[in-house]
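Taking it in order: structure first as structure tokens, then the write-up.
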Amino acid sequence: MNNSTRFLRKLSVLALVCSLCSCKSTFSTSFGMSRLVDKKVSANAEVLHKRLFDISKQGFAIGHQDDTSYGVGWRHSEDLRQKYSDVYDVIGDYPAVYGFDIGHLELGNDSNLDAVPFDTMRELIIEAHKKGGIITLSWHLDNPTSGGTSWDKTPAVKDILEGGIHQDKYELWITRVADFIKTLNYNNKPIPLLFRPFHEMNGSWFWWGEGNCKASDYKKLWRYTVKLLRDKHQLHNLLYVYSPNKLNPEDKYMHYYPGNRYVDILGIDIYDFKNSRDYITSVVNDLAVVKDIANRKKKLYAFTETGIEKLPTPNWFTRVLYPYIEDSGIAWILFWRNAKTEHHYLPYKTHESENDFKKFETFPKTLFLKDINKLKQPTN
Ligand code: BMA
Numbered sequence: 479m480n481n482s483t484r485f486l487r488k489l490s491v492l493a494l495v496c497s498l499c500s501c502k503s504t505f506s507t508s509f510g511m512s513r514l515v516d517k518k519v520s521a522n523a524e525v526l527h528k529r530l531f532d533i534s535k536q537g538f539a540i541g542h543q544d545d546t547s548y549g550v551g552w553r554h555s556e557d558l559r560q561k562y563s564d565v566y567d568v569i570g571d572y573p574a575v576y577g578f579d580i581g582h583l584e585l586g587n588d589s590n591l592d593a594v595p596f597d598t599m600r601e602l603i604i605e606a607h608k609k610g611g612i613i614t615l616s617w618h619l620d621n622p623t624s625g626g627t628s629w630d631k632t633p634a635v636k637d638i639l640e641g642g643i644h645q646d647k648y649e650l651w652i653t654r655v656a657d658f659i660k661t662l663n664y665n666n667k668p669i670p671l672l673f674r675p676f677h678e679m680n681g682s683w684f685w686w687g688e689g690n691c692k693a694s695d696y697k698k699l700w701r702y703t704v705k706l707l708r709d710k711h712q713l714h715n716l717l718y719v720y721s722p723n724k725l726n727p728e729d730k731y732m733h734y735y736p737g738n739r740y741v742d743i744l745g746i747d748i749y750d751f752k753n754s755r756d757y758i759t760s761v762v763n764d765l766a767v768v769k770d771i772a773n774r775k776k777k778l779y780a781f782t783e784t785g786i787e788k789l790p791t792p793n794w795f796t797r798v799l800y801p802y803i804e805d806s807g808i809a810w811i812l813f814w815r816n817a818k819t820e821h822h823y824l825p826y827k828t829h830e831s832e833n834d835f836k837k838f839e840t841f842p843k844t845l846f847l848k849d850i851n852k853l854k855q856p857t858n
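Okay, so the sequence shown: first residue is 479 according to our numbering, each after it adds one.
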């Protein structure tokens with residue numbers, strides 16, 4: 479065997495080894511999306527990723543924050559026998575996506591910042607997963623430096639990074655989060671979760687937001703959080719969702735982006751502050767920006783929070799929202815919570831927007847629980 483034959487042989491053995499090793503770790507998933515943040519991601523979190531991809535080809539999954547925890551005039555934790563949902567009450571089906579907020583879990587409290595007991599939350603997450611629903615978690619965590627709320631702007635990000643004065647506190651907070659997540663199991667398997675921490679960072683209202691920390695520190699905090707959850711606590715059931723707020727003219731979607739290796743899904747939060755024209759402009763422009771970036775990165779994208787408080791605009795769902803998201807390619811859309819008559823984002827029974835929401839439900843792209851359960855479940 480001459481030198482060049484020997485070299486070619488070595489090369490082909492190398493190629494074979496590479497192709498064998500790469501079954502799990504190729505750049506892209508089998509359906510063309512980029513590889514996930516967690517190389518050890520659980521099989522059912524991979525299935526969720528594929529499921530969202532399939533959903534995005536058919537329409538978009540409809541989500542609601544705290545849908546089963548409480549609604550206008552009722553609270554699950556006050557009447558545990560009631561299995562209730564304002565969405566179900568209006569349209570006879572449940573949302574496909576269930577948002578929960580784990581704010582105050584970090585403090586070791588029994589209930590979150592909106593008085594949902596974590597025991598109830600666990601039960602509702604398991605139940606939603608069992609019936610085929612998709613779970614997303616946000617985290618309105620307190621300010622670790624001042625002890626104030628998420629909205630306390632005292633600079634704090636630097637304090638919880640490695641070497642910061644509250645690093646130990648933050649690690650304890652993450653341990654509490656991880657311990658709770660470890661209890662979210664069904665059939666002895668961890669429930670896959672869309673984790674959306676430190677959202678709306680380009681707005682200035684949270685301590686991790688614009689003007690209250692440097693973008694470079696924000697990115698460090700995100701990566702540090704991923705490493706703690708994934709590597710230290712060995713949680714492999716999370717998909718990480720990055721969600722800035724509506725882009726003001728000076729905003730760049732990527733300004734706080736912690737990197738392709740730390741984000742699975744791109745999102746955006748846009749609210750209608752009773753100005754349909756402004757809202758539509760943002761929805762159209764911002765979703766186009768997110769779509770373009772996501773397509774280039776081969777990542778899924780979603781409309782991670784939206785709504786109009788109290789629904790004062792007639793036909794808001796069918797006229798202001800639907801036409802502008804119909805062909806956007808988002809995997810899901812999440813409407814914010816129904817807390818009370820002065821603070822709700824979906825109709826409840828007797829609200830004047832009930833019929834408009836019922837009509838929205840019949841539109842081809844709006845996928846509620848029954849709709850996503852009819853789609854073939856992808857296998858791993
Ligand atoms: C905000 C409001 C608050 C709530 C918080 C976390 O947008 O709805 O009342 O406490 O979200 O759910």
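Backbone N, C-alpha and C fix where the C-beta goes; we use that ideal spot for every residue, glycine too.
**Prompt:** Where do the ends of the alpha helix (DSSP H) carrying F835 lie?
**Reply:** E832 to T840
**Item:** Nearest-residue set for the ligand BMA, Cβ under 7 Å from any heavy atom
**Value:** Q543, D579, G581, L591, D592, H618, W814, R815, A817 and H821
**Prompt:** Mind checking W868: buried by the 16 CB within 10 Å criterion, or exposed?
**Reply:** Examination of residue 868 is not possible in this model, given that the chain is present from 479 through 858 alone.
**Message:** Looking at the secondary structure, which residues open and close the beta strand (DSSP E) in which I613 lies?
**Reply:** I612 to S616
**Prompt:** Can you tell which of R755, V741 and K730 has the C-alpha that lies nearest to the C-alpha of M703?
**Reply:** The sequence given here places Thr at residue 703; Met does not occur at that position. Residue V741 is the option with its Cα nearest to T703.
**Request:** Return the residue from the list D545, S534 and N723 that minimises the CA-CA distance to Y826.
**Result:** D545
**Request:** Starting from R797, trace the alpha helix (DSSP H) both ways and give me its first and last residue.
**Result:** Counting along the chain, R797 falls outside any alpha helix (DSSP H), and DSSP gives it neither H nor E.
**Message:** Can you check which of these residues, L583, L514 and I808, is closest to D657 by C-alpha distance?
**Reply:** L583
**Proximity of D756 and N793 at Cβ, strictly below 7 Å** = no
**Buried or exposed (CB count within 10 angstroms, at least 16 for buried), S508** = exposed
**K535 versus K647 - alpha carbon distance** = 43 Å
**Message:** Can you tell me whether K705 is helix, strand or coil according to DSSP?
**Reply:** helix
**Prompt:** When you compare only the Cα positions, how much space is there between A574 and K608?
**Reply:** 12 Å
**Prompt:** Do A521 and L717 come within 7 Å of each other at the CB atom, strictly closer than that value?
**Reply:** no
**Item:** Residue ranges of each beta strand (DSSP E) within the segment 690-763, 3 or longer
**Value:** 716-720 and 743-749
**Cutoff 6 Å; reference N690; Cβ partners in own chain excluding five residues on either side** = K631 and P633
**Request:** Could you tell me the boundaries of the beta strand (DSSP E) in which Q543 lies?
**Result:** F538 to Q543
**Asked** In whole angstroms, what is the alpha-carbon distance linking R553 and S547?
**Response** 6 Å
**Request:** Give, in chain order, every unbroken run of the beta strand (DSSP E) that is at least 3 residues long and sits entirely within the segment 507-579.
**Result:** 538-543 and 575-579
**Request:** Express the C-alpha separation of E787 and H822 in angstroms, rounding to a whole number.
**Result:** 6 Å
**Request:** Can you tell me the Cβ-Cβ gap for A693 and H644, rounded? I've got them flagged as a contact below 8 Å.
**Result:** With a Cβ gap of about 20 Å, A693 and H644 do not count as contacting.
**Item:** Per-residue burial, A862 [other beta carbons within 10 Å of its own, 16 or more giving buried]
**Value:** Residue 862 lies beyond the range of the chain shown here (479 to 858); nothing can be said about it.
**Asked** From L853 to G625, what distance separates their C-alpha atoms?
**Response** 46 Å
**Prompt:** So I811 and G541 are in contact, right, with Cβ under 8 Å, and what is the actual spacing, rounded?
**Reply:** 6 Å
**Item:** Rounded straight-line distance, which links the Cα of R513 to that of C501
**Value:** Because the pLDDT of C501 is 42, which lies under 50, any placement of that residue in the model is unreliable, and the question is left without a value.
**Residues near D532 by beta carbon distance below 7 Å, same chain, minus five either side** = L853 and P856
**Option in I652, S555 and L615 with minimal Cα separation from F578** = L615
**Item:** For L619 and N590, the rounded distance between their alpha carbons
**Value:** 10 Å
**Request:** Report buried or exposed for C499, applying the criterion of at least 16 other Cβ atoms within 10 angstroms of its Cβ.
**Result:** Low confidence applies to C499: its pLDDT is 41, below 50, so where it sits in the model is not reliable, and the reading given next is rough at best. Its Cβ having fewer than 16 others within 10 Å, C499 is exposed.
**Distance, V550 Cα to A817 Cα** = 6 Å
**Message:** Buried or exposed, going by whether 16 or more other CB atoms sit within 10 Å of the CB of P790?
**Reply:** exposed
**Request:** Specify, as a first and last residue, the run of the beta strand (DSSP E) that W810 falls within.
**Result:** W810 to F813
**CB contact below 7 Å: T857 versus chain B** = Looking for chain B here will not work: only one protein chain is present.
**Prompt:** For G537 versus L778, is the C-beta spacing smaller than 7 Å?
**Reply:** no
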